[in-house]
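Below: the structure, in structure tokens.
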Amino acid sequence: MTNSIIITNKINKFNKNITVSGDKSLSIRWVLFSSLASGISKASNLLISEDVAAAISAVKKLGIKVQLKNNFCKIHGKGINGYNYRKGIIIDAKNSGTLGRLILGLLINSPFPIKLIGDKSLSKRDFKRISDPLTKFGANFKLKNKKNLPLIIKGSSHLKSITYYENKGSAQCKSAVIFGALRSNGTTLIKAQKSRNHTELLCKYLKLPVYVKKNKLHDYVKVNKFRKFKSFNYKIPSDISSSAFFIILTVLCPNSKLIIKNVNINPSRTGVIKILKMMGIKIFLENKKNYKGEFVADIEVISPKKIKPINCPPKLNSGTIDEFLVIFLVAAKADGVSYFKNLEELDQKESPRLKWGAKILNEMGIKTITTKSSIKIFGNPNLNVNKKIIIKNYLKDHRVFMTSVIAALSFGGSWKIYDKDSIKTSFPDFLRIINSLKKND
Ligand code: S3P
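Following our numbering, the numbering of the sequence shown begins with 1 at its first residue and continues without gaps.
Here you go:
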């Protein structure tokens with residue numbers, strides 16, 4: 001069976017309502033939190049993807065019973081000390097940085113060594129950023145090349161609190177440390193650059209001893225040891241990162257309109273909306289509600305006549321970190337030069353995304369100037385691609401695949417995009433929704 005997709009036609013204008021799959025960050029966090037709860041937790045609309053399946057397999061390896069039927073899931077938590085640690089456990093985080101990093105914070109009390117492995121892409125990523133702070137709690141690590149997977153973690157029964165400065169804007173680092181701190185004696189103090197705050201919001205909802213103060217630049221998180229929390233039910237809202245592909249397809253497809261239902265619009269995730277508004281796009285949030293501490297809304301977007309270039313304020317970077325690749329396509333059609341900077345974290349993702357962003361644009365005939373952490377994009381409002389483009393060898397980064405599909409459908413040309421299976425990690429439903437936009441009903 002072929003694992004590539006060929007696209008030779010632009011998409012026609014559309015006017016539709018869609019729903020995208022459950023949020024990945026929240027799905028993985030729900031699995032981890034419910035594995036520690038006392039009793040049976042239930043989730044509906046859990047994202048069914050390889051990253052979430054890896055999280056479920058991980059807690060099962062630790063002795064937690066999980067029942068999954070379609071996107072409905074039950075987890076039989078056995079309390080905070082309910083993991084069945086034994087010799088020889090190997091956890092495979094597959095492609096998931098979120099799982100691989102967050103779970104280490106929970107394993108710091110394991111009396112036995114646990115091996116953490118991942119796929120080719122995850123094995124290239126930085127795990128020293130997690131092992132460094134977790135070592136300070138009292139855990140021990142052995143990492144390949146002092147930095148990568150596979151790694152071995154052995155916990156301790158004498159965990160002490162730490163002070164930690166999270167200076168990358170990484171929610172994965174911050175969350176792993178919060179998990180570690182919840183298991184450790186004393187009060188841990190975290191000063192963190194802005195990043196998504198789902199972990200803190202779930203802790204608040206579950207009444208765990210996690211206290212947050214914010215100023216413009218940093219979040220200050222204070223964490224004490226926790227003893228017990230009750231099982232909980234959760235309806236996972238839709239993923240704004242998955243929605244972003246369709247929002248931007250609408251922006252790039254003249255005379256189109258789209259509504260996406262019940263999307264998580266946590267302000268630490270909505271950089272894409274703020275950036276598109278700055279570029280002159282009409283985008284509205286309707287039916288806004290608070291769901292267990294998270295905000296959700298329907299997103300409505302209307303394709304513009306003209307797109308303004310942007311000098312993107314770096315304070316929006318953390319809330320947009322997974323969306324830049326596809327936002328670069330909007331800059332490609334803008335009427336002028338756009339500039340995005342302080343993006344060193346983009347190359348820490350499933351593939352070096354700054355490089356891939358530039359490559360896709362250059363293939364389409366768009367001039368870019370890139371440095372290690374910035375990109376200037378010379379937009380062309382009349383861009384019409386008329387050549388053959390092949391996208392391959394990108395470490396199966398799901399967001400490179402989906403961005404390339406949006407580019408092909410928006411700008412034309414004849415595209416062959418390899419590694420279609422990459423969407424299984426975060427958004428297996430992606431191509432089905434694309435096809436639903438093509439149908440006129
Ligand atoms: C995530 C945090 C971000 C993001 C990733 C999901 C999370 O990574 O890119 O897709 O769920 O905490 P970093 O923490 O490395 O920035």
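Glycine included, each C-beta is placed from N, C-alpha and C at the ideal position.
**Asked** Which two residues bound the contiguous alpha helix (DSSP H) that contains F430?
**Response** Within the sequence shown, the letter at position 430 stands for residue 430. That run of the alpha helix (DSSP H) goes F430 to K438.
**Prompt:** Rounded to whole angstroms, how far is the Cβ of K128 from the Cβ of K146, which I believe are closer than 8 Å?
**Reply:** Residue numbering aside, residue 128 sits at position 128 when the sequence shown is read from its first letter. Residue numbering aside, residue 146 sits at position 146 when the sequence shown is read from its first letter. Correct: roughly 7 Å between the Cβ atoms.
**Asked** From F112 to H76, what does the alpha carbon distance come to, in whole angstroms?
**Response** Here residue 112 refers to the residue found at position 112 of the sequence shown. Here residue 76 refers to the residue found at position 76 of the sequence shown. Spanning the two alpha carbons is a distance of roughly 23 Å.
**Request:** Using 7 Å as the cut-off, classify the Cβ of C73 as near or not near the heavy atoms of the ligand S3P, replying yes or no.
**Result:** Residue 73 sits at position 73 when you count from the first residue of the sequence shown. Answer for C73: no, Cβ out of range of the ligand S3P.
**Request:** Evaluate contact between the region 417-434 and the region 389-396, counting only Cβ atoms and requiring at least three cross-stretch pairs below 8 Å.
**Result:** yes
**Message:** the ligand S3P and G97: does the residue's C-beta get closer than 7 Å to at least one heavy atom of that ligand?
**Reply:** Translated into positions along the sequence shown, residue 97 becomes position 97. Yes, the beta carbon of G97 sits closer than 7 Å to at least one heavy atom of the ligand S3P.
**Asked** Using CA coordinates, which residue listed in V296, K144 and S256 is at the minimum distance from H198?
**Response** Here the question's residue 198 lines up with position 198 in the sequence shown. Ranking V296, K144 and S256 by Cα distance to H198 puts V296 first.
**Message:** Please tell me whether, using a cut-off of 7 Å, the distance from the CB of I327 to the nearest non-hydrogen atom of the ligand S3P is below it.
**Reply:** For the purposes of this step, residue 327 is identified with residue 327 of the sequence shown, where counting begins at 1. Every heavy atom of the ligand S3P is 7 Å or more from the Cβ of I327, so no.
**Asked** Are G357 and K230 touching if we call contact CB-CB under 8 Å?
**Response** As a first step, residue 357 must be located in the sequence shown, where it is residue number 357. As a first step, residue 230 must be located in the sequence shown, where it is residue number 230. Cβ distance not < 8 Å, so G357 and K230 don't count as in contact.
**Request:** Say whether the region 242-262 touches the region 7-23, bearing in mind that this needs 3 or more beta-carbon pairs closer than 8 Å, one atom from each stretch.
**Result:** yes
**Message:** Quick check on T320: buried or exposed, where buried means 16 or more other Cβ atoms within 10 Å of its Cβ?
**Reply:** Position 320 of the sequence shown holds residue 320. Buried.
**Prompt:** Per the contact definition of three or more C-beta pairs closer than 8 Å, is the region 333-345 in contact with the region 300-319?
**Reply:** yes
**Prompt:** Which ranges would you report for the alpha helix (DSSP H) in the region 139-207 if only whole runs of at least 4 residues count?
**Reply:** 171-182 and 198-205
**Prompt:** In whole angstroms, what is the alpha-carbon distance linking L329 and Y205?
**Reply:** Position 329 of the sequence shown, counting from 1, holds the residue named residue 329. Position 205 of the sequence shown, counting from 1, holds the residue named residue 205. Their Cα atoms are separated by approximately 37 Å.
**Message:** Does N84 come out as helix, strand or coil in the three-state DSSP assignment?
**Reply:** The residue labelled residue 84 in the question sits at position 84 within the sequence shown. Three-state DSSP puts N84 in coil, outside helix and strand.
**Asked** Regarding K315 and the ligand S3P, is the C-beta to nearest heavy atom distance less than 7 Å?
**Response** Locating residue 315 in the sequence shown gives position 315, where the first residue counts as 1. Checking every heavy atom of the ligand S3P against the Cβ of K315, none is found closer than 7 Å.
**Prompt:** Smallest Cα separation from V212: which of K228, G79, F226 and A192?
**Reply:** The residue you call residue 212 lines up with position 212 of the sequence shown. For V212, the nearest C-alpha among the options comes from A192.
**Request:** Check whether the Cβ of R269 sits closer than 7 Å to any heavy atom of the ligand S3P, and report yes or no.
**Result:** For this step, residue 269 is matched to residue 269 along the sequence shown. Not under cutoff, so the answer is no.
**Message:** For the structure I just gave you, are there three or more beta carbon pairs, one from the region 138-158 and one from the region 171-179, closer than 8 Å?
**Reply:** no
**Message:** Quick check on the DSSP output: the alpha helix (DSSP H) that includes L354 runs from which residue to which?
**Reply:** Mapped onto the sequence shown, residue 354 falls at position 354. Residues R353 to E363.
**Message:** Once DSSP output is grouped into helix, strand and coil, what is the label at I281?
**Reply:** Along the sequence shown, read from residue 1 onward, the residue named residue 281 stands at position 281. Residue state, collapsed to three classes: coil.
**Request:** Quick one: measure Cβ to Cβ for L201 and F33, integer angstroms, because I've assumed they're closer than 8 Å.
**Result:** Working through the sequence shown from its first residue, we reach residue 201 at position 201. Working through the sequence shown from its first residue, we reach residue 33 at position 33. Actually they are not in contact, since the Cβ atoms of L201 and F33 sit about 11 Å apart, beyond 8 Å.
**Asked** In this structure, does DSSP put K376 in helix, strand or coil?
**Response** Position 376 of the sequence shown, counted from the start, is the residue given in the question as residue 376. DSSP places K376 in strand when its eight states are reduced to three.
**Prompt:** What's the gap between the Cα of G180 and the Cα of T8?
**Reply:** Taking the sequence shown and counting its residues from 1, the one referred to as residue 180 is at position 180. Taking the sequence shown and counting its residues from 1, the one referred to as residue 8 is at position 8. Distance between the alpha carbons of G180 and T8: 50 Å.
**Asked** Could you check where the alpha helix (DSSP H) with G77 kicks off and where it finishes?
**Response** Locating residue 77 in the sequence shown gives position 77, where the first residue counts as 1. Per DSSP, G77 belongs to no alpha helix (DSSP H); it is in the beta strand (DSSP E), F72 to K78.
**Where D132 falls, given that 16 or more other Cβ within 10 Å makes a residue buried** = Counting from 1 along the sequence shown, the entry for residue 132 is found at position 132. Classification of D132: exposed, given that the 10 Å Cβ count is below 16.
**Boundaries (first-last residue) of the alpha helix (DSSP H) holding E50** = The residue you call residue 50 lines up with position 50 of the sequence shown. Residues E50 to K61.
**Prompt:** Who pairs with C312 in a beta bridge, going by DSSP?
**Reply:** By one-based count along the sequence shown, residue 312 stands at place 312. BP columns for C312 point to F340.
**Message:** Taking a contact to mean a Cβ-Cβ separation below 8 Å, would you say L26 touches N264 in this structure?
**Reply:** Indexing the sequence shown from 1 puts residue 26 at position 26. Indexing the sequence shown from 1 puts residue 264 at position 264. Yes, these two residues count as a Cβ contact at 8 Å.
**Request:** Could you check what DSSP says for A407 in three-state terms: helix, strand or coil?
**Result:** For the purposes of this step, residue 407 is taken as residue 407 along the sequence shown, with counting starting at 1. It is helical.
**Request:** Identify whether L46 lies in helix, strand or coil by the three-state DSSP scheme.
**Result:** Residue 46 sits at position 46 when you count from the first residue of the sequence shown. Residue state, collapsed to three classes: coil.
**Prompt:** Quick one: does the C-beta of A171 sit closer than 7 Å to a heavy atom of the ligand S3P?
**Reply:** Counted from its first residue, the sequence shown places residue 171 at position 171. At least one heavy atom of the ligand S3P is nearer than 7 Å to the Cβ of A171, so yes.
**Message:** Buried or exposed, going by whether 16 or more other CB atoms sit within 10 Å of the CB of Q172?
**Reply:** Looking up residue 172 in the sequence shown gives position 172. Buried, because 16 or more other Cβ atoms sit within 10 Å of the Cβ of Q172.
**Prompt:** Any C-beta of chain C sitting closer than 8 Å to the C-beta of F245?
**Reply:** Any reference to chain C falls outside this structure, which holds one protein chain only.
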